[in-house]
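*Asks:* Below are the structure tokens for one structure; questions will follow.
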Amino acid sequence: MCIRDSTQPLDVFLREVEHSTRQFHDASPHAMRKVVMAPTTPFYSCTPDELREMARAARSLGIRLHSHLSETADYVRFARDVLKSRPVDWCAEHEWIGPDVSFAHMVHLDAEEIAICGQTQTAIAHCPQSNGRLGSGVAPVQALAQAGATVSIGVDGAASNEAADMISELHAAWMIHRAVKGATAQSVETLVHWATANGAKVLGLDDVGTLAPGMQADLVLYDLTHPRYAGNHDDATAPITAGGAAQVRHAWVAGRTVVRDGQIPGLDLAELSARARALVKKIQAS
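Under the numbering used here, think of the first position of the sequence shown as 11, with each following residue one higher.
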């Protein structure tokens, strides 16, 4: 993602986005690398005119748009008090709306905003663990999906999600919505669809996300002999309903083996973990 520092002049940022797009963006349906226009938030990272310019520049380059929106009540208060608008209305007014736009979080929406997202097929990256970590609330993803918006699953970043584990994210989404909205509020089957087919749709990847002839061979084989799965009534959803560390036996991306017998070929996990710990200590000391 091309993320702009709020102190960076817009023309410099747009030149860098164009350069990155020309150098790295793969527009093919089975791309492994895409560039996305991504100011941190539509409010704090740019002026209204800049926001509109970013949208137009992204579309002229053929890349998607992403940002964070309505994560906390403060987003809504800022939009109301300073911009005299609701967050989604503000984004729509400045051309940040539509099937090529996704927003992380979207916890605090009213009925009108949900309807706008549905009518325009705007997407949400639902990050329930991050929202729980920060005490932000629970996003109205069922209402968004029913309205026609595209719901996908995300993990936000390390600042508000220490594990960044998609299985844990799905387990949390399943539990949180049912705890708050009732036992029938969220099915695990729907969550699988949001994480796979809808995730691919949000990223503009037409050849992945489902198992079908002609699609890329992206497959994950879980070891369901692990004791944590013994009491599950449905093997297909057990990795999500049981939660915990994913017991991945094998995984393939576009037919290429990326996990074999629970190990990532060629990766020294101990060395990688040591580097991560050293970086955390360096950050803590700075």
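C-beta: ideal position from N, C-alpha, C; glycine also.
How far does the alpha helix (DSSP H) with residue 87 in it reach, from first residue to last?
*Replies:* 83-88 is the extent of the alpha helix (DSSP H) around residue 87.
*Asks:* Shortest alpha-carbon distance to residue 43 belongs to which of 61, 215, 114, 205?
*Replies:* Residue 43 has its Cα closest to that of 215, out of 61, 215, 114, 205.
*Asks:* For residue 121 versus residue 164, is the C-beta distance shorter than 9 Å?
*Replies:* No. Outside cutoff.
*Asks:* Which partner residues does residue 266 have in the DSSP bridge list?
*Replies:* Looking at the DSSP assignment, residue 266 forms a beta bridge with 263.
*Asks:* Is DSSP giving residue 229 helix, strand or coil here?
*Replies:* Correct three-state label for residue 229: strand.
*Asks:* Contact defined as beta carbons within less than 8 Å: I believe residue 159 pairs with residue 196. What is the distance between those atoms, to the nearest angstrom?
*Replies:* Rounded, the Cβ-Cβ distance is 16 Å, inconsistent with contact.
*Asks:* Would you kindly work out how many angstroms separate the C-alpha atoms of residue 264 and residue 65, rounded to a whole number?
*Replies:* Cα to Cα, the separation comes out at about 31 Å.
*Asks:* By alpha-carbon positions, which one of 258, 280, 33 ends up nearest to residue 272?
*Replies:* Selected option, being the one with the closest Cα: 258.
*Asks:* For a test of the three-state rule: what should DSSP assign to residue 22, helix, strand or coil?
*Replies:* Of the three classes helix, strand and coil, the one that applies to residue 22 here is helix, per DSSP.
*Asks:* For residue 80, which of 101, 268, 67, 21 has the nearest alpha-carbon?
*Replies:* Looking at the Cα atoms, 101 is the closest of the given residues.
*Asks:* Does the beta-carbon of residue 179 have 16 or more other beta-carbons within 10 angstroms, so that it is buried, or is it exposed?
*Replies:* Per the 10 Å Cβ criterion, buried.
*Asks:* Going by the DSSP bridge assignment, what does residue 111 pair with across the sheet?
*Replies:* Answer is 75, bridged to residue 111.
*Asks:* Do residue 98 and residue 127 have their C-beta atoms within less than 9 Å of each other?
*Replies:* Cβ atoms of residue 98 and residue 127: closer than 9 Å.
*Asks:* In three-state DSSP terms, what is residue 212?
*Replies:* In the structure shown, residue 212 sits in a helix (DSSP, three-state: H, G or I).
*Asks:* Less than 9 Å between the beta carbons of residue 234 and residue 74, yes or no?
*Replies:* Going by C-beta atoms, residue 234 is not nearer than 9 Å to residue 74.
*Asks:* Report all residues from its chain with a CB closer than 7 Å to the CB of residue 143; omit the five preceding and five following residues, and keep chain order.
*Replies:* Once the five neighbours on either side are set aside, the close Cβ partners of residue 143 are 170, 171.
*Asks:* Three-state secondary structure (DSSP) at residue 129?
*Replies:* Of the three classes helix, strand and coil, the one that applies to residue 129 here is helix, per DSSP.
*Asks:* Just how far apart, CA to CA, sit residue 282 and residue 275?
*Replies:* Spanning the two alpha carbons is a distance of roughly 14 Å.
*Asks:* Output the boundary residues of the beta strand (DSSP E) element that contains residue 161.
*Replies:* Residue 161 -> beta strand (DSSP E) spans 160-163.
*Asks:* Work out the CA separation of residue 255 and residue 279 for me, nearest whole Å.
*Replies:* Going by the C-alpha atoms only, they are around 16 Å apart.
*Asks:* Return the chain-ordered list of same chain residues with a C-beta closer than 8 Å to the C-beta of residue 67, the five sequence neighbours on each side being excluded.
*Replies:* The residues are 24, 27, 28, 47.
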